[in-house]
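Colleague: Residue numbers 1 to 341, in the numbering used here, belong to the letters of the sequence shown in order. Ideal placement from N, C-alpha and C gives every residue a C-beta, glycine not left out. Nothing here was measured: the structure is a model prediction, and the numbers come from that model.
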Amino acid sequence: MVRLIDVPTLQRFVRRRGMERVLAELADAIEAAYARWEEFDKSPRHATHFDHGVIELMPVADAHRYACKYVNGHPGNPKGGRMTVAALGILADVDSGYPVLVSEMTLLTALRTAAMSALVARYCARPDTASLALIGTGAQSEFQTLAIANERPLRQIRFYDVDPAAMEKYAFNLAEQNLELVPCDSIEQAVAGADLVSVATAIKDRQSLITPAMLRPGMHINAVGGDCPGKTELDPALLPACDIIVEYEPQTRIEGEIQGTEHPVTEFHEIVRGRRAGRLDDSSITLFDSVGFALEDHAALNWLYAQLSDATEVDLIPDAHDPRDLFAMLKPPTFGRAAGF
Ligand code: NAD
Numbered sequence: 001m002v003r004l005i006d007v008p009t010l011q012r013f014v015r016r017r018g019m020e021r022v023l024a025e026l027a028d029a030i031e032a033a034y035a036r037w038e039e040f041d042k043s044p045r046h047a048t049h050f051d052h053g054v055i056e057l058m059p060v061a062d063a064h065r066y067a068c069k070y071v072n073g074h075p076g077n078p079k080g081g082r083m084t085v086a087a088l089g090i091l092a093d094v095d096s097g098y099p100v101l102v103s104e105m106t107l108l109t110a111l112r113t114a115a116m117s118a119l120v121a122r123y124c125a126r127p128d129t130a131s132l133a134l135i136g137t138g139a140q141s142e143f144q145t146l147a148i149a150n151e152r153p154l155r156q157i158r159f160y161d162v163d164p165a166a167m168e169k170y171a172f173n174l175a176e177q178n179l180e181l182v183p184c185d186s187i188e189q190a191v192a193g194a195d196l197v198s199v200a201t202a203i204k205d206r207q208s209l210i211t212p213a214m215l216r217p218g219m220h221i222n223a224v225g226g227d228c229p230g231k232t233e234l235d236p237a238l239l240p241a242c243d244i245i246v247e248y249e250p251q252t253r254i255e256g257e258i259q260g261t262e263h264p265v266t267e268f269h270e271i272v273r274g275r276r277a278g279r280l281d282d283s284s285i286t287l288f289d290s291v292g293f294a295l296e297d298h299a300a301l302n303w304l305y306a307q308l309s310d311a312t313e314v315d316l317i318p319d320a321h322d323p324r325d326l327f328a329m330l331k332p333p334t335f336g337r338a339a340g341f
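(1) Given Glu360, which residues of its chain have a CB within under 8 Å of its CB, disregarding the five upstream and five downstream residues?
(2) For Leu287, tell me which candidate among His321, Val314, Thr137 and Pro240 has the shortest Cα-Cα distance.
(3) Over what stretch of residues does the beta strand (DSSP E) that includes Glu176 continue unbroken?
(4) Have a look at the DSSP bridge pairing and note the partners of Glu151.
(5) How far does the alpha helix (DSSP H) with Val120 in it reach, from first residue to last?
(6) Taking the straight line between their C-alpha atoms, what separation do you get for Phe13 and Lys231?
(7) From Arg279 to Ala320, what does the alpha carbon distance come to, in whole angstroms?
(8) When you compare each of Cys68, His49 and Ala32 to Ser43 by their alpha carbons, which one comes out closest?
(9) Closest to Asp185 by CA distance: which of Tyr160, Arg216, Gly89 and Arg3 is it?
(10) Below 8 Å, how does it come out for the stretch 319 to 333 and the stretch 93 to 111: are there three or more Cβ pairs, yes or no?
(11) Between which two residues does the beta strand (DSSP E) containing Arg276 stretch?
(12) For the alpha helix (DSSP H) that contains Gln11, what are its first and last residues?
(13) Look at Ile30 and Glu247 and say whether their C-beta atoms are less than 7 Å apart.
(14) Could you tell me the alpha carbon to alpha carbon distance between Asn72 and Cys228, rounded to whole angstroms?
(15) What are the boundary residues of the beta strand (DSSP E) that Thr266 is part of?
(16) The beta strand (DSSP E) spanning Asp319 covers which residue range?
(17) Here's the rule I'm using: 16 or more other beta-carbon atoms within 10 Å means buried, otherwise exposed. How should Leu316 be labelled?
(18) Could you check whether Ala200 and Gly292 sit closer than 7 Å to each other, using their CB atoms as the reference points?
(19) Please state whether DSSP places Ser141 in a helix, a strand or coil.
(20) Which two residues bound the contiguous beta strand (DSSP E) that contains Arg36?
(21) Rounded to a whole number of angstroms, what is the C-alpha to C-alpha distance between Glu20 and Asp322?
(22) Taking the alpha helix (DSSP H) that Tyr305 belongs to, which residues open and close that run?
(23) Exposed or buried, Met219, counting other C-beta atoms within 10 Å across all chains shown (16 or more means buried)?
(24) Compare the Cα-Cα distances from Asp282 to each of Tyr123, Leu154 and Glu39 and report the closest residue.
(25) If you follow the beta strand (DSSP E) that Thr48 is in, where does it begin and where does it stop?
(26) Looking at the structure shown, is Glu313 part of a helix, part of a strand, or coil, going by DSSP?
(27) Quick one: what does DSSP say Val191 is sitting in, helix, strand or coil?
(28) Starting from the Cα of Asp6, find the closest Cα among Thr106, Ala114 and Ala47 and give me that residue.
(29) With a CB to CB cut of under 6 Å and the five nearest residues on each side skipped, what residues in its chain are close to Asp93?
(30) For Ile221 versus Val182, is the C-beta distance shorter than 7 Å?
(31) Helix, strand or coil: which one does DSSP assign to Arg158?
(32) Who pairs with Ser131 in a beta bridge, going by DSSP?
(33) For Trp303, collect the residues of the same chain with a Cβ closer than 7 Å to its Cβ; drop the 5 residues on either side in sequence, then sort them by chain order.
(34) How many angstroms separate the CA atom of Ile258 from the CA atom of Pro212?
(35) Closest by CA to Leu357, which one among Thr48, Arg216 and Glu249?
(36) Whose CA, out of Leu134, Glu168 and Thr129, lies closest to the CA of Pro150?
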């Protein structure tokens, strides 16, 4: 039997446990996975590109569990009432190769992406980070905000989206948080004075939303939306000024803000494992070039699997009486009678 975590199951679980606690537990689970970096069999994700989007498979394994996420990125989807990103996850037992969990992963991806942003902020953003500029108030945005607020003493959020309806939705969803929400008319206005800049737009193009002129010493940039070849958010001219942190360099060189460049980077596990500090000094500008790495999904799926041991199980793998007699499971009940078997 395979455990199944569908959307209602995840909704009930997160509401019961509380969003802040879920985000904090996920950040810790992801941190623990990065600390075990050498134990994972890693590869860049497999991407199938279309003119209007991408569909990706993201496998990773340690000695016990194999995880794989199916995820798309279709920036035009919201115009037709669909989400830009939708995902499903599978967790399997390495010993037998049998799947143990099939899970919805659209909500879980938003949670884990936010938890990862927050985890990097834990190591790289200045401890006194009080203002966050959030560019792009789509599906990921509230999760990003709350996760970062878990890690740093945020008081003010300055936010901007090209779509006023998205800004209204964001302000409504976070109205009850103890945060000063400042809607802005432009990216420049949002970023001015912010300690941490988080960018999560969805345009399949090379964009220059954040420019060198907007940088301030000590700033931390969390660049979430540039996650595909030909899809970036930052002016490449700002890269030399930044201390760039990536998840897994071979994948980020293909998909991230650094795609097609040779800018030096640090893989995040080096920081988690204490091989260098996250922030080298108060004035350095740290940039998390986030693309989303399978290790984070492995951590999230294993964490969820452990939390929801009472979830429904479904019959997805045939349980043949004789493992070599799969045929018996499909043959008609009368089959073989005429031959006298
Ligand atoms: P979404 O479509 O729900 O939201 C994107 C928002 O960006 C929209 O509200 C849109 O109006 C806004 N936008 C577009 N251009 C803009 C601009 N120039 N200035 C300001 N706002 C602008 O998408 P989402 O699910 O929130 O995802 C956001 C991005 O994050 C996508 O590109 C997605 O691929 C990426 N993503 C990355 C990870 C990761 O691990 N790095 C994980 C999930 C999603």
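Modeller: Quick answer:
(1) It is not possible to answer for residue 360, since the shown part of the chain is limited to 1 through 341.
(2) As a working note, residue 287 is residue 287 in the sequence shown. Put simply, of His321, Val314, Thr137 and Pro240 the residue whose alpha carbon is nearest the alpha carbon of Leu287 is Pro240.
(3) Numbered from 1 along the sequence shown, position 176 holds the residue referred to as residue 176. Element bounds for Glu176: n/a, residue is neither H nor E.
(4) To locate residue 151, count along the sequence shown from 1; it is residue 151. None; Glu151 has no bridge partner.
(5) Position 120 of the sequence shown, counted from the first residue, corresponds to residue 120. First-last of the alpha helix (DSSP H) with Val120: Thr106 to Cys124.
(6) Counted from its first residue, the sequence shown places residue 13 at position 13. Counted from its first residue, the sequence shown places residue 231 at position 231. Approximately 34 Å between the Cα atoms of the pair.
(7) Mapped onto the sequence shown, residue 279 falls at position 279. Mapped onto the sequence shown, residue 320 falls at position 320. Taken atom to atom, the span from the alpha-carbon of Arg279 to that of Ala320 is near 56 Å.
(8) Working through the sequence shown from its first residue, we reach residue 43 at position 43. In terms of Cα proximity to Ser43, the closest of Cys68, His49 and Ala32 is Cys68.
(9) Stepping through the sequence shown from its first residue, residue 185 is reached at position 185. Distance check between Asp185 and each of Tyr160, Arg216, Gly89 and Arg3 places Tyr160 closest, using alpha-carbon atoms only.
(10) These segments do not touch.
(11) As a first step, residue 276 is located in the sequence shown; it is residue number 276 there, counting from the start. Taken as a continuous stretch (DSSP letters only), Arg276 belongs to no beta strand (DSSP E), as it is neither H nor E.
(12) Counting from one through the sequence shown, the residue named residue 11 turns up at place 11. Val7 to Arg17 is the span of the alpha helix (DSSP H), which, as asked, contains Gln11.
(13) On the sequence shown, position 30 is the one that residue 30 refers to. On the sequence shown, position 247 is the one that residue 247 refers to. Result no, Cβ atoms of Ile30 and Glu247 do not sit closer than 7 Å.
(14) The count along the sequence shown starts at 1 and reaches residue 72 at position 72. The count along the sequence shown starts at 1 and reaches residue 228 at position 228. C-alpha separation (whole angstroms): 11 Å.
(15) For the purposes of this step, residue 266 is taken as residue 266 along the sequence shown, with counting starting at 1. Looking at the DSSP string, the run of the beta strand (DSSP E) that includes Thr266 is Val265 to Glu267.
(16) Within the sequence shown, numbered from 1, the residue matching residue 319 stands at position 319. Counting along the chain, no beta strand (DSSP E) covers Asp319, and no H or E run does either.
(17) Counting from one through the sequence shown, the residue named residue 316 turns up at place 316. With fewer than 16 Cβ atoms within 10 Å of its Cβ, Leu316 is classed as exposed.
(18) For the purposes of this step, residue 292 is taken as the residue at position 292 of the sequence shown. For the purposes of this step, residue 200 is taken as the residue at position 200 of the sequence shown. The beta carbons of Gly292 and Ala200 sit no closer together than 7 Å.
(19) Your numbering for residue 141 matches position 141 in the sequence shown. Three-state DSSP puts Ser141 in a helix.
(20) Mapped onto the sequence shown, residue 36 falls at position 36. First-last for Arg36: undefined, no H or E at that position.
(21) Residue numbering aside, residue 20 sits at position 20 when the sequence shown is read from its first letter. Residue numbering aside, residue 322 sits at position 322 when the sequence shown is read from its first letter. C-alpha separation (whole angstroms): 48 Å.
(22) Looking up residue 305 in the sequence shown gives position 305. From DSSP, the alpha helix (DSSP H) with Tyr305 extends over Ala294 to Gln307.
(23) Position 219 of the sequence shown, counted from the start, is the residue given in the question as residue 219. Buried: at least 16 other Cβ atoms inside 10 Å.
(24) Walking along the sequence shown from the start, residue 282 turns up at place 282. Considering only Tyr123, Leu154 and Glu39, the residue with the shortest C-alpha distance to Asp282 is Tyr123.
(25) Here residue 48 corresponds to residue number 48 of the sequence shown, with the count starting at 1. Element bounds for Thr48: His46 to Phe50.
(26) What you label residue 313 is simply residue 313 of the sequence shown in a count that begins at 1. Look at Glu313 here: in three-state DSSP terms it is strand.
(27) The sequence position of residue 191 within the sequence shown is 191, counting from 1. Three-state result, Val191: helix.
(28) Walking along the sequence shown from the start, residue 6 turns up at place 6. Comparing Cα-Cα distances from Asp6 to each of Thr106, Ala114 and Ala47, the minimum goes to Thr106.
(29) As a first step, residue 93 is located in the sequence shown; it is residue number 93 there, counting from the start. Listed in chain order, the non-local C-beta contacts of Asp93 below 6 Å within the same chain comprise Val100, local neighbours out to five positions each way being set aside.
(30) For the purposes of this step, residue 221 is taken as the residue at position 221 of the sequence shown. For the purposes of this step, residue 182 is taken as the residue at position 182 of the sequence shown. The answer is no: Cβ separation not under 7 Å.
(31) Residue mapping note: residue 158 aligns to position 158 of the sequence shown, counting from 1. It is a strand residue.
(32) The residue you call residue 131 lines up with position 131 of the sequence shown. In DSSP, Ser131 forms a bridge with Gln156.
(33) Reading the sequence shown from its first residue, position 303 is the one you call residue 303. Closer than 7 Å at Cβ, skipping near neighbours: Glu25, Leu26 and Ala29.
(34) The sequence position of residue 258 within the sequence shown is 258, counting from 1. The sequence position of residue 212 within the sequence shown is 212, counting from 1. About 15 Å.
(35) Residue 357 is absent from the structure shown; the chain starts at 1 and stops at 341.
(36) For the purposes of this step, residue 150 is taken as residue 150 along the sequence shown, with counting starting at 1. Looking at the sequence shown, residue 150 is not Pro but Asn. The shortest Cα separation from Asn150 among Leu134, Glu168 and Thr129 belongs to Thr129.
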